[in-house]
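Visitor: In this note's numbering, the protein residues as written are 87 to 631.
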Ligand code: FAD
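1. Does the contact criterion of 3 or more C-beta pairs under 8 Å hold for the region 119-138 versus the region 595-604?
2. Taking the alpha carbon of residue 468 as the point to measure from, which residue in 171, 152 and 477 has its own alpha carbon closest?
3. For residue 239, which residues from the same chain have a beta carbon less than 8 Å from its beta carbon, with the 5 sequence-adjacent residues on both sides left out?
4. Quick check: is any heavy atom of the ligand FAD less than 8 Å from the C-beta of residue 181?
5. Does the structure place the region 329-344 close enough to the region 374-382 that three or more beta carbon pairs sit under 8 Å?
6. What's the call for residue 288, buried or exposed, on a 16-neighbour Cβ count within 10 Å?
7. Could you tell me if residue 442 is buried or exposed, where buried requires 16 or more neighbouring beta carbons within 10 angstroms of its beta carbon?
8. Could I get the ranges of all uninterrupted alpha helix (DSSP H) runs contained in the region 292-330, with 4 residues as the minimum, in chain order?
9. How is residue 562 classed by DSSP in three states: helix, strand or coil?
10. Excluding the 5 residues flanking residue 590 on each side, which residues of the same chain have their C-beta closer than 8 Å to its C-beta?
11. Could you tell me which residues DSSP pairs with residue 158 in its beta bridges?
12. What does the alpha-carbon distance come out to for the pair residue 232 and residue 241?
13. For residue 395, is the beta carbon positioned less than 8 Å from some heavy atom of the ligand FAD?
14. Per the DSSP calculation, residue 425 is bridged to which residue(s)?
15. Could you check whether the Cβ of residue 157 sits closer than 8 Å to any heavy atom belonging to the ligand COA?
16. If we require 3 or more residues per run, which beta strand (DSSP E) segments fall completely within the region 141-197?
17. Closer than 8 Å to a non-hydrogen atom of the ligand FAD - does that hold for the CB of residue 140?
18. Does the region 313-320 touch the region 199-217, meaning 3 or more C-beta pairs lie closer than 8 Å?
19. Helix, strand or coil for residue 92 per DSSP?
20. Pick from 598, 444 and 458: whose alpha carbon is nearest that of residue 319?
21. Excluding five sequence neighbours on each side, which residues of the same chain lie with their C-beta closer than 6 Å to the C-beta of residue 260?
22. May I ask you to check if the CB of residue 150 is nearer than 8 Å to at least one heavy atom of the ligand FAD?
23. Using only CA atoms, which one of 595, 132 and 273 lies nearest to residue 622?
24. In terms of residues, what are the limits of the alpha helix (DSSP H) holding residue 215?
25. Pop quiz: residue 299 and residue 281 are said to be a contact at Cβ under 8 Å. What is the actual Cβ separation, rounded to whole angstroms?
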C-alpha cells in the first residue's frame, strides 16, 4: 500500500516553503470542519493549506459522542431539514470509510416515568427513519419489555415498558478528521499542525493572507492566499474579531462531558440512549473493554483552550446512570477516563443550550473572510461542500464537488461485511506477530487497510510482547504517515488510547516515552517535559472534578 509521507520532516519542508507559495485557499482550523473543506477544495483542483494551532482534531473534533447520527433529539425541535441532511449523510460517510463509521444499533428504553411514551417513541423513530431513508432490517423496531431485556439484561425489570430499537453509526471523530486530511494529501493538500494564525494581511481592504507561527519553535511565516476560510469551531468568533468583523458573537459555546468506565463495571451489551431524568437523553456506548457515557450540556464562558469535566458534570452523569441502572452503584472511583468538549452552536438568544439548533451558517465578511459556524461531525461533508462552493464562487472557479466518490484513506472496503472479512483474514495471517481478536478489532477499526502496514512494521519489534510491538509500530506509523509530533498526539488523537485503553498506557508509558525519545532524539529536558505532560493528562482525565 502506497501512503504519502506525512511526517515532521514533511512538515518542516512545507513550512520552509510557506512564504514563497500562493495558495488559492488557506483554511484556519484542523477539526472535522476544516478537514472536510480541505479535502473538498483540494479535490476540486484548488491549491490549499490547512492550518491548525494544536494537533489536528485536538479541539471539539476529538471530544464528541463519536456518533455519526441523524440526531433523534432534533426531531423534538422540529428541525426536519437537519435530521434529513445528517440522516442521509450517515450512509454516505459509512460508505466512504466502512471500517471507521460502523453500524451500531441503539436501544431506547421506555420507562414509566420517562420523557417519552411508547406511542411517541414509535412515531418519532418512524419519522427519523423516513427522513434518513433507512430501509429494510435497519428500520426501527418497537420491543416489549421482555425483548428489551433480552437485548440489554442490565435494564431493570421494574418500570420498564419496552424499548425502541433503531440504527445509528459509531466512529472515532479524531481518526475520521485525520483520514480526511490524509486523503487530501493525495490531492496536493498542505496540512500543518502546531501552526497558529496570529493575524490577517490585507490589500485594499481585502484579505490576502495570514501571519502564522510555528508553535514548535516560535518561527513566524507569511501565507499568501486568494481566499481564507475560518473553520475554527469554538474559536470562530475570536478570529472574526481579529478580522475586525462586526464584533457580534455568533457562536454560543456549550460544554459536553463524557465519562469512561471499565466494561466490567458498566457491562452493557449494547448501545443505549436513555433518559437522564431531567428531560434530556444521554448515551451509554460499549467500546472494546470500556463503556462511555455522555453527555452533559451546559453554557461555557471560560477559555476554550481549557475545557475539563468538573464535579457537577460527574455528579450529573453518575446520577443519571445510577438512576437507570441502580444495580451498578457507580461512584467517581469507577471513572477510568473522561473528556470534555465545546459545541460551537449558532447563538439563539433566550434558548437553553440543549434547545439551540445544530445547524450551520456561513458568514462572509466585508474583507472576504468566509467563516463557518455551528454544524455537526456527521454533516461535515455537506458543510464542506457549501463552503467550498462559496470559495469557488469567490475565485471564479467552476468545479463540482467530488467527495461523495472519494473513499477515505484506509477505507477501501465495499461495505462493513468486507471489513469483517478483512478482520478474519488478519487473524489467520501467520507471517505476522499474532494478535488477539480485540487487538485486531482495534487495529482495523482504527486504521482500516493500513493495518497491513502497521503489522509489517511490527516485525522489527518481534522480541517484545505483542501489545508493545504493536504500540511501537503504531508510533512509527504515526510519525511517518500521520504527522505525530509528540506522545500526546499519538495517545490522544491518533489512537484514542488515553480514553479507551488507559490501562495499557499506564503499563507501557516508560516504553512509549523511550520510543519517542529514541525516534525524535529528545534530550533529558525534553523527555522530562513530555513525561510530565502525559502524567498530568493522565491525572486530569482519570480524576475529573
Ligand atoms: P474543532 O474541532 O474545535 O476545530 C477547530 C480547530 O480550530 C481547533 O482544532 C482549534 O485548535 C483550531 N484553531 C482555533 N484557533 C486557531 C488559530 N488561531 N490558528 C489555527 N488553528 C486554530 N456531532 C456529531 O455529529 N455526532 C456526535 O456524536 C456529536 N457529539 C458531540 C458531543 C459533544 C460533547 C460535543 C461538544 C460535540 C458533539 N458533536 C457531535 C458536534 C461535533 O463534535 C462538532 O460539531 C465538530 O467536532 C466541530 O468541529 P470543528 O472543526 O468545527 O471544530
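Glycine included, every Cβ here is placed at the ideal spot set by N, Cα and C. Computed from a predicted model, the values in this text were never measured in an experiment.
Guide: The structure says:
1. Result no; under three Cβ-Cβ pairs closer than 8 Å.
2. Indexing the chain shown from 1 puts residue 468 at position 382. Measuring C-alpha to C-alpha distances from residue 468 to each of 171, 152 and 477 identifies 171 as the nearest.
3. Counted from its first residue, the chain shown places residue 239 at position 153. Within the same chain, residue 239 has close Cβ partners 355.
4. Looking up residue 181 in the chain shown gives position 95. Remark: the shortest separation between the CB of residue 181 and any heavy atom of the ligand FAD does not fall under 8 Å.
5. Contact between the region 374-382 and the region 329-344 is present, because at least three Cβ pairs lie under 8 Å.
6. As a working mapping, residue 288 is identified with position 202 in the chain shown. Flag for residue 288 reads exposed.
7. Taking the first residue of the chain shown as 1, we reach residue 442 at position 356. Residue burial annotation: residue 442 is buried, with at least 16 other C-beta atoms found within 10 angstroms of its C-beta.
8. As far as the region 292-330 is concerned, its whole alpha helix (DSSP H) runs of at least 4 residues are 322-328.
9. Here residue 562 is taken as the residue at index 476 of the chain shown, counted from 1. Three-state DSSP puts residue 562 in a helix.
10. Counting from 1 along the chain shown, the entry for residue 590 is found at position 504. The answer, listed in chain order, is 553, 557 and 583.
11. By 1-based counting over the chain shown, the position of residue 158 is 72. DSSP lists no partner for residue 158.
12. Residue mapping note: residue 232 aligns to position 146 of the chain shown, counting from 1. Residue mapping note: residue 241 aligns to position 155 of the chain shown, counting from 1. Rounded to whole angstroms, residue 232 to residue 241 spans 10 Å at the Cα level.
13. Counting from one through the chain shown, the residue named residue 395 turns up at place 309. Flag unset: Cβ of residue 395 not near the ligand FAD.
14. Walking along the chain shown from the start, residue 425 turns up at place 339. Answer is 344.
15. Absence of the ligand COA is noted for the structure shown, with the ligand FAD being the only ligands found.
16. Runs found: 188-197.
17. Indexing the chain shown from 1 puts residue 140 at position 54. Yes.
18. Look at the beta carbons and you see the region 199-217 not touching the region 313-320: under three pairs across the two are nearer than 8 Å.
19. Here the question's residue 92 lines up with position 6 in the chain shown. Assignment of residue 92 by DSSP, reduced to helix, strand and coil, places it in the coil class.
20. For the purposes of this step, residue 319 is taken as the residue at position 233 of the chain shown. When C-alpha distances from residue 319 are compared across 598, 444 and 458, the shortest belongs to 458.
21. Here residue 260 is taken as the residue at index 174 of the chain shown, counted from 1. Here the set comprises 143, 148 and 579.
22. By one-based count along the chain shown, residue 150 stands at place 64. Yes, Cβ of residue 150 sits closer than 8 Å to a heavy atom of the ligand FAD.
23. Start at 1 with the first residue of the chain shown, and residue 622 comes out as number 536. Nearest to residue 622 by C-alpha distance, out of 595, 132 and 273, is 595.
24. Here residue 215 refers to the residue found at position 129 when the chain shown is read from its first residue. Where residue 215 is concerned, the enclosing alpha helix (DSSP H) stretches over 204-217.
25. Translated into the one-based positions of the chain shown, residue 299 becomes position 213. Translated into the one-based positions of the chain shown, residue 281 becomes position 195. Correct: roughly 7 Å between the Cβ atoms.
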